[in-house]
């Protein structure tokens, strides 16, 4: 297996959730001598924010959510696990399904790594019917499949593997490192995978069911050119089930002449669910397969765009119309020099428009790719045989010219562009790249928002909300500990060490004040009058405060006010202006407003003026320091005024003239403890550099003080008024 030190390293990599601007928030954690990253991880564990189930060198790769039975099914190396959805640390079950010793030996003799490749890595985990799942694994480079019995209800408490195994070729990849995707619909398995030991024959298969297996054309780079499959989804085309289409998301090498040099291209492919192959040509091959380029780029100057071509993950956000889900896709750059990641959104109207557009065709003296200008046969290639779009009952009835055209023109000329023509989120100049994505649609007080949970290649997960603006999209990034369960608002993650679970909302991290909760702009959270808590759209509470679009606490929080204070300091002495935010993620920003000037100037920090977490330290006061100091908290780009301090700097010479020049009244004056407290507070503000103690200053003032001033202090409440004025 792996050593404890390697295990600790993997735990930190796989489960830490952090952002650079929030790494300093770990406090009150009973772990000393740990790095910041380690403290963050253990902080989540200590606060019960994460539940872990440790495996034993397993690779948790395939997930399946079974809401009817309340179980989370996970495929791993040589094992299948079943976890309780509410608490994965409770009542988990396990089935061992290793590769046979003979298959492991064959795998080793073929030159594969016995420890890393010659196991049964579960790659297909799909619901088959009400009582069974269909699972497939790599089988030590001998793909194998079987049925897993679950029972009809959770009370049945059944979890066992059938004794009959099936050949997994065309269903699961041979190599566990190969990217593959699958979907089981109506008893038929659609898979994008490699079909041979060497990993050279890639295809899109349909297996199981009553029909003959069907696949893409073999060894034709126009169809597939070394693809890596990301996802498979069923999307209805119309209200007629005969028009249903299967959409595949993958990346592949660019076709000859499509791109200068060898490049990776992101693709979206489509095929008809009722495709039966051709009659004389393309027998047992797809006749309705089409593909188009999936674009995700940032427009640049002089028409040179920055392309993100490495498709990493896809998530379909369902809408009220099942025919038109919103598609989220994660991309990274192909360049080793420039590393970046992006998230793009697509709608089905644009995708269908591209598949109804011109086909890609090679023509001209340079044999380049151009839009096909000739006659397109009827029915249009790519159209499903149904009563909706034609009178054909099966693809076997399609005319020969349609089949011939489909064989030679599988690619569309126009690419699919994202909504808005650009990504909704881009990250560059960071030490990670996006790898996975899930999206949750959340109802907030001021509208509906899509919250993205984006996994990275270093094990972190970003929680991001995009807010549409008039000309662009604003992205709000939250720290959060990719698979999730909507009814219970749970997020599940898998790694080489286990499965973790956490809530989508952790409102308590946003502080204990209305302003901090509002500034967080988390759709899951709202201020309920007492604390930042989970927001429920159905709650009819007037005290709930939430503003995701603007994050304006001034309009939401009635208790929000700016404190005014007057302070005094003596020239050449030190002064500390205390101001600290309640939110641990906020930054403090100081500005100075000079006397008789409405303008505010940013305070320049140097050896004399220092900023700390608790406030501003002026080590040696000078006359130009006089003015109003504005302390503001900056969080997510919004500024919240916290405090206004009116600082008066008293010249040293003036104070020196006052102390010895006051007419003496003779003798000492008795004064109560109350008066001494006032003078003690007053002196703490003055901090005169030439006085040794509070008592010395008080004695000198009382001895020199005029009688009428002393009488007013004792008899007319002057002390109270002075306290109000000064403090």
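In UniProt numbering, the protein residues as written are 1 to 727. All C-beta atoms in this analysis are idealised placements derived from N, C-alpha and C, irrespective of residue type, glycine included.
Proximity to residue i [Cα-Cα], best of the options
{"i": "residue 193", "options": "652, 209, 169", "result": "169"}
{"i": "residue 752", "options": "391, 394, 378, 388", "result": "Limits of the chain in this structure are 1 at one end and 727 at the other, which puts residue 752 out of reach."}
{"i": "residue 97", "options": "86, 468, 80, 396", "result": "80"}
{"i": "residue 596", "options": "621, 626, 589", "result": "626"}
{"i": "residue 544", "options": "553, 527, 550, 537", "result": "527"}
{"i": "residue 413", "options": "449, 166, 249, 354", "result": "354"}
{"i": "residue 269", "options": "281, 501, 100, 252", "result": "252"}
{"i": "residue 158", "options": "321, 71, 573", "result": "71"}
{"i": "residue 141", "options": "153, 133, 178", "result": "178"}
{"i": "residue 631", "options": "599, 580, 648, 624", "result": "580"}
{"i": "residue 366", "options": "256, 431, 124, 290", "result": "256"}
{"i": "residue 590", "options": "572, 574, 322, 617", "result": "617"}
{"i": "residue 537", "options": "491, 442, 557", "result": "442"}
{"i": "residue 381", "options": "290, 451, 320, 466", "result": "290"}
{"i": "residue 504", "options": "515, 512, 465, 513", "result": "465"}
{"i": "residue 320", "options": "281, 386, 133, 236", "result": "236"}
{"i": "residue 188", "options": "165, 153, 131, 127", "result": "127"}
Boundaries (first-last residue) of the beta strand (DSSP E) holding residue i
{"i": "residue 102", "result": "Where residue 102 is concerned, there is no enclosing beta strand (DSSP E), although the alpha helix (DSSP H) it sits in stretches over 101 to 109."}
{"i": "residue 547", "result": "It is not in any beta strand (DSSP E) - residue 547 carries neither H nor E in the DSSP assignment."}
{"i": "residue 313", "result": "310 to 317"}
{"i": "residue 182", "result": "181 to 185"}
{"i": "residue 412", "result": "Note, residue 412: premise wrong, no beta strand (DSSP E); not H, not E."}
{"i": "residue 360", "result": "360 to 363"}
{"i": "residue 93", "result": "93 to 96"}
{"i": "residue 575", "result": "575 to 578"}
{"i": "residue 150", "result": "Unbroken run through residue 150: none, as it is neither H nor E."}
{"i": "residue 203", "result": "202 to 208"}
{"i": "residue 375", "result": "Element bounds for residue 375: n/a, residue is neither H nor E."}
{"i": "residue 509", "result": "Taken as a continuous stretch (DSSP letters only), residue 509 belongs to no beta strand (DSSP E), as it is neither H nor E."}
{"i": "residue 224", "result": "Run containing residue 224: none; DSSP gives neither H nor E here."}
{"i": "residue 137", "result": "132 to 137"}
{"i": "residue 176", "result": "Element bounds for residue 176: n/a, residue is neither H nor E."}
{"i": "residue 234", "result": "228 to 235"}
{"i": "residue 128", "result": "Where residue 128 is concerned, there is no enclosing beta strand (DSSP E), given that its DSSP letter is neither H nor E."}
Sheet register partners of residue i (DSSP bridge)
{"i": "residue 646", "result": "566, 628"}
{"i": "residue 270", "result": "247, 290"}
{"i": "residue 75", "result": "62, 80"}
{"i": "residue 590", "result": "631"}
{"i": "residue 427", "result": "341"}
{"i": "residue 307", "result": "297"}
{"i": "residue 456", "result": "434"}
{"i": "residue 525", "result": "534"}
{"i": "residue 263", "result": "DSSP, once it has assigned bridges, lists no residue as partnering residue 263."}
{"i": "residue 607", "result": "DSSP lists no partner for residue 607."}
{"i": "residue 253", "result": "264"}
{"i": "residue 331", "result": "311, 342"}
Residue environment, residue i, which counts as buried when at least 16 other CB atoms sit within 10 Å
{"i": "residue 530", "result": "exposed"}
{"i": "residue 454", "result": "buried"}
{"i": "residue 327", "result": "buried"}
{"i": "residue 371", "result": "exposed"}
{"i": "residue 332", "result": "buried"}
{"i": "residue 287", "result": "buried"}
{"i": "residue 198", "result": "exposed"}
{"i": "residue 510", "result": "buried"}
{"i": "residue 787", "result": "Residue 787 is absent from the structure shown; the chain starts at 1 and stops at 727."}
{"i": "residue 155", "result": "exposed"}
{"i": "residue 216", "result": "buried"}
{"i": "residue 569", "result": "buried"}
{"i": "residue 478", "result": "Confidence at residue 478 is low in this model, with a pLDDT of 49, below 50, so its placement is unreliable and the value that follows should be read with caution. It is buried - the Cβ of residue 478 has at least 16 other Cβ atoms within 10 Å."}
{"i": "residue 400", "result": "exposed"}
{"i": "residue 200", "result": "exposed"}
{"i": "residue 232", "result": "buried"}
Where the alpha helix (DSSP H) containing residue i begins and where it ends
{"i": "residue 555", "result": "553 to 556"}
{"i": "residue 86", "result": "No alpha helix (DSSP H) contains residue 86, which DSSP labels as neither H nor E."}
{"i": "residue 515", "result": "514 to 520"}
{"i": "residue 619", "result": "First-last for residue 619: undefined, no H or E at that position."}
{"i": "residue 348", "result": "348 to 355"}
Any C-beta of chain B under 7 Å from that of residue i
{"i": "residue 214", "result": "Included in the structure is just one protein chain, with no chain B present."}
Three Cβ pairs or more, each shorter than 8 Å: is that satisfied between the stretch 207 to 227 and the stretch 404 to 423? Flag = yes, the stretch 207 to 227 and the stretch 404 to 423 touch.
I'd like to know if the stretch 361 to 372 and the stretch 428 to 448 are in contact, where contact means that at least 3 CB-CB pairs between them fall below 8 Å. Touching, no, given that fewer than three Cβ pairs across the two stretches are closer than 8 Å.
Would you check if there are 3 or more beta carbon pairs closer than 8 Å linking the stretch 307 to 320 to the stretch 384 to 394? No: the two stretches stay apart, fewer than three of their Cβ pairs being nearer than 8 Å.
Validate contact between the stretch 104 to 117 and the stretch 79 to 93 using beta carbons, cut 8 Å, 3 pairs: Because the criterion of three Cβ pairs below 8 Å is not met, the stretch 104 to 117 and the stretch 79 to 93 do not touch.
Would you be able to state if there are at least three C-beta pairs under 8 Å between the stretch 603 to 612 and the stretch 638 to 645? Contact fails: fewer than three Cβ-Cβ distances are below 8 Å.
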